[in-house]
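J.: Got a structure here, written out as structure tokens. Questions coming.
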Amino acid sequence: MAWLQIRINSNNTEAEQLSDFLAELGSVSVTFMDSQDTPIFEPLPGETRLWGNTDVVALFDAETDMASIVKALQEANYLTDKAYKVEQIEDKDWEREWMDNFHPMKFGQRLWICPSWREIPDENAVNVMLDPGLAFGTGTHPTTALCLEWLESLDLAGKTVIDFGCGSGILAIAALKLGAEKAIGIDIDPQAIIASKSNAEQNGVADRFDLYLAEDAPKDMQAEVVVANILAGPLKELYPTISTLVKEKGHLGLSGILTTQALSVCETYKQKFELDPVAENDEWCRITGILK
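Each residue of the sequence shown is one higher than the one before, starting from 5 at the first, in this note's numbering.
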């Protein structure tokens, strides 16, 4: 079956309203796409993150009279000063195409992240089975890759690891399979707790993985290794909280930071940590250090 699609170049102040109007006109789906080559950040729970220049893409049944759709948009003043394009797209096996985009990925010397529908490349390696889901973190983003490579480089045997902003649980689960004795995941999103628990069960480490919503986390907990893959702003704001989670001489790993933001984050954390050289991947970076 073919589909008809209209792409409208909008902006972050009108995109939500335009989306609602397209739904009223009978669109079967509406998505937002960044129309510029700018970084895409993880949204906060309940938030729809839009960009400064946003394309609104609506999909309609092939039998739809698109001339009437365009006319309705014009009469509602949605196309007054906006570029738009109507085109026909062929139907595909979208689930299969989506699955084909995910392959086993190697981090460091021995760690693999593998979707469940793929063969494990190396049975003797440390393999984490993880399928893309509703929570952030599958290993495909440079920030997650940077954190996984760092964890793989550490001697985690017998240690406790805190994953602050655990998302899918990928970092904590990888740490457990790399030899950590225990992991603690903390997040503000209940969906992240559900996803982390499910992924831990799939990997056989749920009995060593404690999960807490941020408001319920014990006040006095600490670990030899703390990793936080969130965003630069929250990392700086939460410095007093994150820094107290690290035991004396413990390791800290921070990511979710653009290279242009590295200096300001380093300035915040160097008060208490002996920092390593900043590691970069694409336009993202990782900051690591040891508590003084």
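Even glycine gets a Cβ: it sits at the ideal position worked out from N, Cα and C.
Rounded to whole angstroms, what is the Cα-Cα separation between Glu-91 and Glu-127?
T.: Taking the first residue of the sequence shown as 1, we reach residue 91 at position 87. Taking the first residue of the sequence shown as 1, we reach residue 127 at position 123. Roughly 46 angstroms between the two C-alpha positions.
J.: Mind listing, in chain order, the continuous alpha helix (DSSP H) runs of no fewer than 4 residues lying wholly within the region 208-286?
T.: With a minimum length of 4 residues, the continuous alpha helix (DSSP H) runs that stay inside the region 208-286 are 236-241, 243-248 and 266-273.
J.: Can you determine whether any heavy atom of the ligand SAM sits closer than 6 angstroms to the C-beta of Lys-276, and answer yes or no?
T.: Judged by which ligands are present, the structure shown has none, so any question about the ligand SAM falls away.
J.: Among the candidates Leu-249, Gln-206, Glu-241 and Tyr-243, whose CA atom is the shortest distance from the CA of Ala-221?
T.: Position 217 of the sequence shown, counted from the first residue, corresponds to residue 221. Taking only the C-alpha atoms, the option nearest Ala-221 is Leu-249.
J.: Helix, strand or coil for Ile-44 per DSSP?
T.: Walking along the sequence shown from the start, residue 44 turns up at place 40. The predicted model places Ile-44 with a pLDDT of 46, which falls under 50 and marks its position as unreliable; any figure quoted below should be read in that light. The answer is coil: DSSP assigns Ile-44 none of H, G, I, E or B.
J.: Output yes or no for whether 7 angstroms exceeds the beta carbon distance between Arg-11 and Lys-89.
T.: Here the question's residue 11 lines up with position 7 in the sequence shown. Here the question's residue 89 lines up with position 85 in the sequence shown. Yes, the pair counts as a contact, with Cβ atoms nearer than the cut-off.
J.: Can you give me the Cβ contacts of Lys-186 inside the same chain, cut-off strictly under 7 angstroms, excluding the 5 residues immediately before and after it?
T.: As a first step, residue 186 is located in the sequence shown; it is residue number 182 there, counting from the start. Within the same chain, Lys-186 has close Cβ partners Thr-164 and Arg-212.
J.: State the start and end residues of the unbroken beta strand (DSSP E) segment that holds Ser-33.
T.: Here residue 33 refers to the residue found at position 29 of the sequence shown. Unbroken beta strand (DSSP E) run through Ser-33: 33-38.
J.: Report the residue from Ala-149, Ala-176, Leu-182 and Lys-181 whose alpha carbon sits nearest the alpha carbon of Cys-191.
T.: Looking up residue 191 in the sequence shown gives position 187. For clarity, residue 191 is Asp in the given sequence; the question names Cys instead. Nearest C-alpha to Asp-191: Ala-176.
J.: Leaving out the 5 sequence neighbours to the left and right, which residues in its chain are closer than 7 angstroms to Gly-162 when beta-carbon positions are compared?
T.: Here residue 162 refers to the residue found at position 158 when the sequence shown is read from its first residue. Cβ neighbours of Gly-162 beyond the five flanking positions: Glu-185.
J.: Could you give the DSSP three-state label for Cys-289: helix, strand or coil?
T.: By one-based count along the sequence shown, residue 289 stands at place 285. Of the three classes helix, strand and coil, the one that applies to Cys-289 here is strand, per DSSP.
J.: How many angstroms separate the CA atom of Ile-117 from the CA atom of Leu-152?
T.: Working through the sequence shown from its first residue, we reach residue 117 at position 113. Working through the sequence shown from its first residue, we reach residue 152 at position 148. Roughly 10 angstroms between the two C-alpha positions.
J.: State buried or exposed for Ser-200, treating a residue as buried only when at least 16 other CB atoms are found within 10 Å of its CB.
T.: Your numbering for residue 200 matches position 196 in the sequence shown. Looking at its Cβ environment, which holds 16 or more other Cβ atoms inside 10 Å, Ser-200 is buried.
J.: If you drop the 5 nearest sequence neighbours on each side, which residues of the same chain put their C-beta closer than 7 angstroms to that of Ala-27?
T.: Counting from one through the sequence shown, the residue named residue 27 turns up at place 23. The residues are Val-34.
J.: Between Leu-279 and the rest of its own chain, which residues show a CB-CB distance below 8 angstroms, the 5 nearest in sequence each way excluded?
T.: Here residue 279 refers to the residue found at position 275 when the sequence shown is read from its first residue. Within the same chain, Leu-279 has close Cβ partners Cys-270, Tyr-273, Ile-291, Thr-292 and Gly-293.
J.: In chain order, what are the residue ranges of uninterrupted alpha helix (DSSP H) at least 4 long that sit wholly in the region 117-168?
T.: Segments of the alpha helix (DSSP H) lying fully in the region 117-168: 146-157.
J.: Return the first residue and the last residue of the alpha helix (DSSP H) that Lys-296 is part of.
T.: Here residue 296 refers to the residue found at position 292 of the sequence shown. Here Lys-296 belongs to no alpha helix (DSSP H), and DSSP marks it neither H nor E.
J.: Apart from the five residues on each side of it in sequence, which residues of its chain come closer than 7 angstroms, Cβ to Cβ, to Lys-253?
T.: By 1-based counting over the sequence shown, the position of residue 253 is 249. Here the set comprises Ile-294 and Leu-295.
J.: Could you give the distance in angstroms between the alpha-carbon of Pro-119 and the alpha-carbon of Asp-135?
T.: Stepping through the sequence shown from its first residue, residue 119 is reached at position 115. Stepping through the sequence shown from its first residue, residue 135 is reached at position 131. Approximately 5 angstroms between the Cα atoms of the pair.
J.: Check Gln-21 in the structure and name its three-state DSSP category.
T.: Position 17 of the sequence shown holds residue 21. DSSP places Gln-21 in helix when its eight states are reduced to three.
J.: Taking Phe-106 as the reference, give the member of Arg-122, Leu-115 and Val-61 with the closest Cα.
T.: On the sequence shown, position 102 is the one that residue 106 refers to. Comparing Cα positions, the closest option is Arg-122.
J.: What distance in whole Å lies between the Cβ atoms of Ile-166 and Ile-198, which are believed to be in contact at a cut-off of 8 angstroms?
T.: One-based indexing of the sequence shown puts residue 198 at position 194. One-based indexing of the sequence shown puts residue 166 at position 162. Contact flag wrong, Cβ pair sits at about 19 angstroms.
J.: Is Ala-62 closer than 7 angstroms to Ser-31 when the C-beta atoms are compared?
T.: On the sequence shown, residue 31 is found 27 positions in, with the first residue counted as 1. On the sequence shown, residue 62 is found 58 positions in, with the first residue counted as 1. Contact flag set, yes.
J.: Rounded to the nearest angstrom, how far is the Cβ of Ser-247 from that of Trp-288, given a contact under 8 angstroms?
T.: As a first step, residue 247 must be located in the sequence shown, where it is residue number 243. As a first step, residue 288 must be located in the sequence shown, where it is residue number 284. Actually they do not touch by this definition, with Cβ atoms about 22 angstroms apart.
J.: Just to confirm the assignment, what range does the beta strand (DSSP E) spanning Ala-187 have?
T.: One-based indexing of the sequence shown puts residue 187 at position 183. Here the beta strand (DSSP E) through Ala-187 covers 186-191.
J.: Using the Cβ count rule (16 or more neighbours within 10 Å means buried), how would you classify Asn-81?
T.: Here the question's residue 81 lines up with position 77 in the sequence shown. Classification for Asn-81: exposed.
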